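Asks: In terms of this note's numbering, the sequence shown has 357 at position 86, counting the first letter as 1, and numbering is strictly consecutive.
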Amino acid sequence: MKKLNFTNYQPDTLEQYQIVRGNTKEVLFDYFHNKVSYNSQEKIIMIDVDSTKEYSSLSSTNSTLSPEQKVDIECASESSPQVNTASGTQIQLPLGEGLLEFCYADFMKKKQYFTLPFLLSNHDFLSEKIILSDSRTNPEDIPVKNIENTSQYQEEIYSRYEKIFISADEFFSQSCYTKIFPPVFLHTSESALQHYLHYISTVQKEFMELLEFCLDVDFYKEDFEHFTGADRYHLYREITDTPSFHKIAQYTVVSPLAYTDGKFPYGYPVSELKQRLEHAVIRKDQTAFEKDYHLEAGTLDRHYLLPSILKTHYAISTIYDMLLFEFTKMLEQGVRLKKCRNCGKYFVLKGKYATEYCSRISADTSLTCQQAASYQNYNGKIKTVPAWAAYNKYYKRYFARYKVGTIKETVFKKWQYQAVNKRDACIDGTLKFEEYINWLEQSFPNRKKKQTPED
Numbered sequence: 272m273k274k275l276n277f278t279n280y281q282p283d284t285l286e287q288y289q290i291v292r293g294n295t296k297e298v299l300f301d302y303f304h305n306k307v308s309y310n311s312q313e314k315i316i317m318i319d320v321d322s323t324k325e326y327s328s329l330s331s332t333n334s335t336l337s338p339e340q341k342v343d344i345e346c347a348s349e350s351s352p353q354v355n356t357a358s359g360t361q362i363q364l365p366l367g368e369g370l371l372e373f374c375y376a377d378f379m380k381k382k383q384y385f386t387l388p389f390l391l392s393n394h395d396f397l398s399e400k401i402i403l404s405d406s407r408t409n410p411e412d413i414p415v416k417n418i419e420n421t422s423q424y425q426e427e428i429y430s431r432y433e434k435i436f437i438s439a440d441e442f443f444s445q446s447c448y449t450k451i452f453p454p455v456f457l458h459t460s461e462s463a464l465q466h467y468l469h470y471i472s473t474v475q476k477e478f479m480e481l482l483e484f485c486l487d488v489d490f491y492k493e494d495f496e497h498f499t500g501a502d503r504y505h506l507y508r509e510i511t512d513t514p515s516f517h518k519i520a521q522y523t524v525v526s527p528l529a530y531t532d533g534k535f536p537y538g539y540p541v542s543e544l545k546q547r548l549e550h551a552v553i554r555k556d557q558t559a560f561e562k563d564y565h566l567e568a569g570t571l572d573r574h575y576l577l578p579s580i581l582k583t584h585y586a587i588s589t590i591y592d593m594l595l596f597e598f599t600k601m602l603e604q605g606v607r608l609k610k611c612r613n614c615g616k617y618f619v620l621k622g623k624y625a626t627e628y629c630s631r632i633s634a635d636t637s638l639t640c641q642q643a644a645s646y647q648n649y650n651g652k653i654k655t656v657p658a659w660a661a662y663n664k665y666y667k668r669y670f671a672r673y674k675v676g677t678i679k680e681t682v683f684k685k686w687q688y689q690a691v692n693k694r695d696a697c698i699d700g701t702l703k704f705e706e707y708i709n710w711l712e713q714s715f716p717n718r719k720k721k722q723t724p725e726d
């Protein structure tokens, strides 16, 4: 049989796209398997962060360990921090927040926090590679550290994480998704590190393009006036020749009473449940169905009394899948984005309310972009509009008197209301500027000092 030679094979566009976003022989992107659900009524993403892969969980998940090994692991887990500090918790994010946070994280700026501890660990296992018998990797010519079971595999992974990931926490903490979807380095080489960083930057660039192409209200505004986000997404995938399908959904049938927060799932008619409870009757005689299927009398009535609903959740194990999930939910919900005129970053437009500024807080000023724009607008008016400058001057003067108690609160608020109306009238030209100044000056005349005998 003729042996096939793929030495000169060149992958096509789709294959190249998948290669960059897929696992390699040195690094895996799908180690932690987080369960994600979505509340379409409140537009909230809920993420149950995987804890089964943590070193601390081995004592309860692996029954093959001896009592002595279990004690050692329990002691180690008490003194060692978790790799993923969010393990076992539920994270809730407003729709769009996680994706935008990831897209605007400056991973290259924080690269040194990741690179240094990573490369320092190379002397420990630069020539090692760990594999399981059912692993997708091939040992080839790389020296192998044989791992017999999942327990040893997890211990080895934790050992590497402790040296690399915990010390590089500042890098991973830049976004929620890099924190809860950390990779696994099967081989701590510089090429593995570069592949992960390339993966992060490539995915970040792709979703920035998707946000602009599909959700930006100002992107080719006239051409896309009647296009939905889904229309634009389909066109994007066609132009870039990339896949537009992805399978991550799973389904579970549960009772509405399983929702412990007291809120029923979106779309479930609460009135129907109330009606069932009010008219419920548990019959003592078997129905024809119960007889044919050998069920106890009242089985159907009990099931009708506690109805079941279909709960959808998603098994997500990579940053790319998480971002794609959130992005498609944004398409489904008709989310629209706009670039803030102050910081230049996208923000979600809410309802029909038109605004040019986002509500992000600046680390430099501790103000939101909306507040900063309001102050800039106010200061600009003070500098260029005489009536605004006059109002500001006298407001500060009389406010100081109000604070020390020489002007009563009700009197000050009445003055402020009149001052604003007269200011606007002055700007409109219906009140002369000199008249406005005279009114401001005479509003609260300075008290004359009491004369002393020496005067």
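Even for Gly, the Cβ is constructed at its ideal location relative to N, Cα and C. Since the model is a prediction, treat every value here as computed from it, not as a measurement.
1. Tell me, to the nearest whole angstrom, how far the beta carbon of Leu594 is from that of Tyr448; I am working on the premise that it is less than 8 Å.
2. Nearest CA to the CA of Asp572: which residue from Ile590, Gln383, Val552, Asp301?
3. What residue range does the alpha helix (DSSP H) around Ile590 cover?
4. Starting from the Cα of Tyr591, find the closest Cα among Glu313, Ala463, Tyr302, Ile471 and give me that residue.
5. Near Thr513, which residues of its chain fall below 6 Å by C-beta distance, leaving aside the five closest residues on each side in sequence?
6. How many Å lie between Phe683 and Gln641 at the Cα?
7. In this structure, does DSSP put Val682 in helix, strand or coil?
8. Any idea which residues DSSP pairs Asn310 with across the strands?
9. Between the alpha carbons of Leu397 and Lys600, how many angstroms are there, rounded?
10. If you compare alpha carbons, which of Leu566, Lys616, Lys609 is closest to Gly622?
11. Mapping DSSP to helix, strand and coil, what is Lys703?
12. Look at the alpha carbon of Lys306 and the alpha carbon of Thr589, and state the distance between them as a whole number of angstroms.
13. Between the Cα of Ile587 and the Cα atoms of Ile315, Asn692, Asp319, Arg292, which residue gives the shortest distance?
14. Compute the beta-carbon to beta-carbon distance between Val606 and Val455, rounded to the nearest angstrom, for a pair I have assumed lies under 8 Å.
15. For Thr570, collect the residues of the same chain with a Cβ closer than 8 Å to its Cβ; drop the 5 residues on either side in sequence, then sort them by chain order.
16. Taking only three categories from DSSP, how would you classify Leu464?
17. Mind checking who Arg607 pairs with in its DSSP beta bridge?
18. Based on Cα-Cα distance, which residue from Arg668, Glu368, Glu496 lies nearest to Gln713?
19. Using DSSP with H/G/I as helix, E/B as strand and the rest coil, what is Asn305?
Replies: Taking the structure as given:
1. By one-based count along the sequence shown, residue 594 stands at place 323. By one-based count along the sequence shown, residue 448 stands at place 177. That pair is a contact at about 7 Å.
2. Here residue 572 is taken as the residue at index 301 of the sequence shown, counted from 1. Checked all of Ile590, Gln383, Val552, Asp301; the closest Cα to Asp572 is Val552.
3. Counted from its first residue, the sequence shown places residue 590 at position 319. Per DSSP, Ile590 belongs to the alpha helix (DSSP H) from 590-603.
4. Within the sequence shown, numbered from 1, the residue matching residue 591 stands at position 320. Of all alpha-carbon atoms in Glu313, Ala463, Tyr302, Ile471, the one lying nearest the alpha-carbon of Tyr591 is that of Ile471.
5. By 1-based counting over the sequence shown, the position of residue 513 is 242. Cβ within range, chain order: Tyr288.
6. Counting from 1 along the sequence shown, the entry for residue 683 is found at position 412. Counting from 1 along the sequence shown, the entry for residue 641 is found at position 370. Going by the C-alpha atoms only, they are around 27 Å apart.
7. Counting from one through the sequence shown, the residue named residue 682 turns up at place 411. When secondary structure is reduced to three states using DSSP, Val682 falls in the helix class.
8. Position 39 of the sequence shown holds residue 310. DSSP, once it has assigned bridges, lists Ile315 as partnering Asn310.
9. For the purposes of this step, residue 397 is identified with residue 126 of the sequence shown, where counting begins at 1. For the purposes of this step, residue 600 is identified with residue 329 of the sequence shown, where counting begins at 1. Note that Leu397 scores a pLDDT of 34, beneath 50, so its modelled location is shaky; the value from the coordinates is reported in the next line. Roughly 42 Å separates the two Cα atoms.
10. For the purposes of this step, residue 622 is taken as residue 351 along the sequence shown, with counting starting at 1. For the residues Leu566, Lys616, Lys609, the minimum Cα distance to Gly622 belongs to Lys609.
11. Here the question's residue 703 lines up with position 432 in the sequence shown. Secondary structure at Lys703: coil, using DSSP grouped into helix, strand and coil.
12. By one-based count along the sequence shown, residue 306 stands at place 35. By one-based count along the sequence shown, residue 589 stands at place 318. Spanning the two alpha carbons is a distance of roughly 11 Å.
13. Along the sequence shown, read from residue 1 onward, the residue named residue 587 stands at position 316. The shortest CA-to-CA distance from Ile587 to any of Ile315, Asn692, Asp319, Arg292 is the one to Asp319.
14. Here residue 606 refers to the residue found at position 335 when the sequence shown is read from its first residue. Here residue 455 refers to the residue found at position 184 when the sequence shown is read from its first residue. Their Cβ separation, rounded to whole angstroms, is 33 Å, which puts Val606 and Val455 out of contact at 8 Å.
15. Looking up residue 570 in the sequence shown gives position 299. Beyond the five residues adjoining it in sequence on each side, Thr570 comes within less than 8 Å, by CB distance, of Glu561 in the same chain, given in chain order.
16. Within the sequence shown, numbered from 1, the residue matching residue 464 stands at position 193. Helix.
17. Taking the sequence shown and counting its residues from 1, the one referred to as residue 607 is at position 336. For Arg607, the pairing in a beta bridge is given by DSSP as Leu620.
18. As a working note, residue 713 is residue 442 in the sequence shown. From the listed residues Arg668, Glu368, Glu496, the smallest Cα separation to Gln713 is found for Arg668.
19. Within the sequence shown, residue 305 is the residue found at index 34, counting from 1. DSSP places Asn305 within a strand segment (E or B) once states are collapsed to three.
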